[in-house]
Every structure is written in C-alpha cells, then in structure tokens.
Amino acid sequence: MNTNDTVNLRVFLLEEARGDLLPWAAQAAAAERFSLSLAEVEETALEMGLLPARYQRNRETISTGQQLQLFRSRVVVIGCGGLGGYLIEELARLGVGELVCIDPDVFEEHNLNRQLLSAPAALGLAKVEVAAARVRAVNPAVTVSPRKAAFTRDTGPELLCGATVVMDGLDNFPARIELIETCRDMAIPLVHGAIGGWYGRVASQLPGDDISHLVAGLQGTAKGVEATFGNPSFTPAVVASLQVAEACKIILGQGHTLRHRLLFINLLDMKVEEIRFRPTPAVSP
Amino acid sequence: MKLEIRLFAGLRCGNPELPCYGQSECDLEVPEGTTIRELRTILAIDPAISLLSMVNNHHEHEEWVLKDNDRVGMFPPIGGG
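The listed protein sequences correspond, in order, to chains L and A. Read the first sequence against numbering that gives the first Met the number 0 and you will find it ends at 284, with the numbers running on by one and no gaps. Read the second sequence against numbering that gives the first Met the number 0 and you will find it ends at 80, with the numbers running on by one and no gaps.
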C-alpha cells in the first residue's frame, strides 16, 4: 500500500469503528475496498488500538495491545487429531495470527468419538485440509498453513521455522521424543500434552529447558495407557484447553507457566497432581 | 519406615503377599534405605513399564533413596493425542 492508501484505510477504520471496536462487516468491507487481506486489515486496526469486535469478550483478560501480540504470533500445531482439533479451534478463536497445522493422516471412523475436526463427511480427507477449512470458517483473519507431513527430527527444523510456540498434539512416543529434542535444540517454546483414558498431562519446555526426561526410556514404546483405556471425548478437550492457556501465557509473558513442573490430570477421581522437576532433570546415576 | 504410596492411571500393587494387593493407594512399611526401584519390585509392578516417579511431588530417578513418611507417586506412560 502507498502512503495515501494507508491513510485512507486508517480513516475508513476510524469512521467505521464503534468506539474502539471494529465490527466484522467493517473489517470485511475494508479488505475489499483496499484490496487487502483480512489479516492485513486486522493488523492495522490493532496497531491503531481498535479491537476487532469478535474479540470483545477477550478484552478484560487480553488487552488490545496483547491481542496484537497474539496476532503477530506463529503457533505450530503438531498433530490434528484429538488434542490438535481443540488446539486449533481455540488458538484460532483466541486470535493467534498464524497457525501451521501438521499431520500426515486422513480421518478414519475410529476418530469420530473425540476428534473435533472429524465428521462422517470428513472420513478419508486429510486432517490438515479439514483443519485449514475450519480455521478459515471460524476466523478468516488467521493465516493457516496446512502441512500434510509427519514430524521427524529431519522434517522438524523446516516445519518449526519461525514458530513462536509449538503445540504437542502427537500420539506416539518416538515422534514426541524427536519433537522435544528439536524444540530444545531450536530454543522454541513447546507446550507438551498427552492423553490416555481418564488421564492426561501437560508441561512446558521453554528455551534453555530440557523435558526429555519426561519421555526417557520410551524410545521403543509406541503407546502408553491409551492402548489399554482408549481415548474418550472429554480428555482431549481438557488437556488441549490447558495447553492453549499455557501457550497464551507464554506468548504474552503472563502468569506462572508449567516450567519445571508437570500437571497430571486424573478425571476419574477429579484430581490434579503437580510433579515438580529441577532445571537439571533427575536422571539415574 | 512408612511410605504413602499413590499409583496412578490404572497401576496397582501386584504383590499378593501385601495387604495393598490390587490397590492403588496404601501406606506401606518398607526397610530403611529402600530406593524407588526396590519399591517397584516390592509392589510387583511390571518392570517393563517405564514409570515416571515422584517423591513428595518432586520427580526423582529410580535410584533415589526414600525416607520415612515420603509420599511416593508412580505414573505409567501416557502417549495419546
């Protein structure tokens, strides 16, 4: 945009704003009138201190300046299944500006009991394509990049490039170990989550940390208790929501994160255990 | 010495000679100097399961020596997503 267009856009947004709220119709009209993406309009509005009205129920928790921080963040979600479906939904609604969704699989019938993005009509479709369509429908100002690929130590550095935070929605230990090690080596914050039956766990690995001890000895193990208990509908929703709250805090630098501690969630008895660990993890001598 | 044992996510004491056989929570008398690894053996938990162990809410390795009145938790691996 040239300077005149920028001024004209700003004048248009100020005229269309209701107080400091920018209605969705005005955001869409600005995009069309100035041949911009909805994301470009959203960024300009936030820079001006105007809050897209869709975020008005965020504002007592997240200021307009913080909403701009979220908009300028790139969150990479590894796995678009049980955890991933809720992660993507909540991150898009939160207003994270860029989402990269990674998964090599297509939806299958056994996903339907819990995976938010799955539906009979989606069977056989690539999970990442369904995820991208959902993000575009829910919050078209979010830039979403679907990547139909498996996360490995080799593909990792390219897939995680430029990430503000990485979300663990994986379903097996070998890939999870490689994800933890890659994020550690690239100094990118990682929010780890895992589920099985009534149980789940969440922890964060911030730059300089190493949570690989949480998966120590599991290289040769494909599955955990989920092989016995399966995964009901509610456990991924709980654990993914904790992960998104954690990612929001990491991006905004607020509150107490799960650094050096792990939450173990027991929905059968409705109990949460906190396991604290030292910056230098406990390993057998 | 006495320990407070908490086994999570389906783990149970597998030693039929103990009063807590089949249970996930119990108080147990063990010899002084017992390590986490030895406690696993006492409880007859399958050694093939890779456990995460905590003592008084702190993660500790398997050679950690337990003390009287410690609260010991053991967690099996959870890997689903």
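Backbone N, C-alpha and C define an ideal beta-carbon position, used for all residues, glycine too. Fair warning: this is a prediction, and the values are worked out from it, not measured in the lab.
Euclidean distance between Cα positions of residue i and residue j
i, j, result
"residue 206 of chain L", "residue 140 of chain L", "29 angstroms"
"residue 231 of chain L", "residue 75 of chain A", "18 angstroms"
"residue 24 of chain A", "residue 42 of chain A", "11 angstroms"
"residue 30 of chain L", "residue 101 of chain L", "28 angstroms"
"residue 52 of chain A", "residue 265 of chain L", "16 angstroms"
"residue 269 of chain L", "residue 254 of chain L", "24 angstroms"
"residue 218 of chain L", "residue 277 of chain L", "22 angstroms"
"residue 50 of chain A", "residue 72 of chain L", "36 angstroms"
"residue 40 of chain L", "residue 135 of chain L", "16 angstroms"
"residue 76 of chain L", "residue 67 of chain A", "44 angstroms"
"residue 170 of chain L", "residue 28 of chain A", "38 angstroms"
"residue 57 of chain A", "residue 114 of chain L", "33 angstroms"
"residue 80 of chain A", "residue 160 of chain L", "23 angstroms"
"residue 240 of chain L", "residue 85 of chain L", "7 angstroms"
"residue 10 of chain A", "residue 172 of chain L", "19 angstroms"
"residue 181 of chain L", "residue 247 of chain L", "21 angstroms"
"residue 110 of chain L", "residue 13 of chain L", "46 angstroms"
"residue 145 of chain L", "residue 95 of chain L", "15 angstroms"
"residue 57 of chain L", "residue 63 of chain A", "46 angstroms"
"residue 190 of chain L", "residue 44 of chain L", "30 angstroms"
"residue 22 of chain A", "residue 36 of chain L", "59 angstroms"
"residue 200 of chain L", "residue 262 of chain L", "5 angstroms"
"residue 91 of chain L", "residue 137 of chain L", "7 angstroms"
"residue 5 of chain L", "residue 214 of chain L", "51 angstroms"
"residue 143 of chain L", "residue 78 of chain L", "14 angstroms"
"residue 224 of chain L", "residue 73 of chain A", "13 angstroms"
"residue 70 of chain L", "residue 227 of chain L", "40 angstroms"
Residue-level contact to chain A via CB, residue i, 8 angstroms cutoff
i, result
"residue 106 of chain L", "no"
"residue 146 of chain L", "no"
"residue 198 of chain L", "yes"
"residue 116 of chain L", "no"
"residue 233 of chain L", "no"
"residue 228 of chain L", "yes"
"residue 81 of chain L", "yes"
"residue 168 of chain L", "yes"
"residue 78 of chain L", "yes"
"residue 273 of chain L", "yes"
Boundaries (first-last residue) of the alpha helix (DSSP H) holding residue i
i, result
"residue 87 of chain L", "81-93"
"residue 240 of chain L", "233-251"
"residue 26 of chain A", "Unbroken run through residue 26 of chain A is the beta strand (DSSP E), 24-28; no alpha helix (DSSP H)."
"residue 35 of chain A", "35-41"
"residue 9 of chain L", "2-15"
"residue 37 of chain L", "37-46"
"residue 204 of chain L", "Counting along the chain, residue 204 of chain L falls outside any alpha helix (DSSP H), though it belongs to the beta strand (DSSP E) covering 198-204."
"residue 32 of chain L", "23-32"
"residue 225 of chain L", "225-228"
Span of the beta strand (DSSP E) around residue i
i, result
"residue 6 of chain A", "1-6"
"residue 100 of chain L", "97-101"
"residue 270 of chain L", "270-275"
"residue 265 of chain L", "260-265"
"residue 65 of chain L", "From DSSP, residue 65 of chain L is part of no beta strand (DSSP E) but of the alpha helix (DSSP H) over 63-70."
"residue 193 of chain L", "189-195"
"residue 74 of chain A", "70-74"
"residue 58 of chain L", "Unbroken run through residue 58 of chain L: none, as it is neither H nor E."
"residue 73 of chain L", "73-77"
"residue 117 of chain L", "Neither: residue 117 of chain L is in no beta strand (DSSP E) and is coded neither H nor E."
Closer than 8 angstroms to chain L by CB, residue i
i, result
"residue 53 of chain A", "yes"
"residue 77 of chain A", "yes"
"residue 43 of chain A", "no"
Where residue i meets chain A, residues with beta-carbon distance less than 8 angstroms
i, result
"residue 276 of chain L", "57, 58"
"residue 225 of chain L", "77, 78, 79"
"residue 175 of chain L", "78"
"residue 194 of chain L", "77, 79, 80"
"residue 216 of chain L", "49"
9 angstroms Cβ cut-off: residues of chain A touching residue i
i, result
"residue 222 of chain L", "76, 78, 79"
Chain A residues whose Cβ lies nearer than 7 angstroms to that of residue i
i, result
"residue 171 of chain L", "78"
"residue 207 of chain L", "None at all; the shortest Cβ gap to chain A is about 18 angstroms."
"residue 265 of chain L", "7"
"residue 155 of chain L", "Ordered by position in chain A, no residue passes the 7 angstroms Cβ test against residue 155 of chain L, which lies about 16 angstroms from the chain."
"residue 213 of chain L", "51"
| task | Would you list, in sequence order, the uninterrupted beta strand (DSSP E) runs of no fewer than 3 residues that lie entirely inside the region 124-178 of chain L? | result | 142-146, 164-167
| field | Residues of the region 11-36 of chain A whose Cβ lies closer than 7 angstroms to any Cβ of chain C, in chain order | value | Structure shown: chain C not included; protein chains present are L and A.
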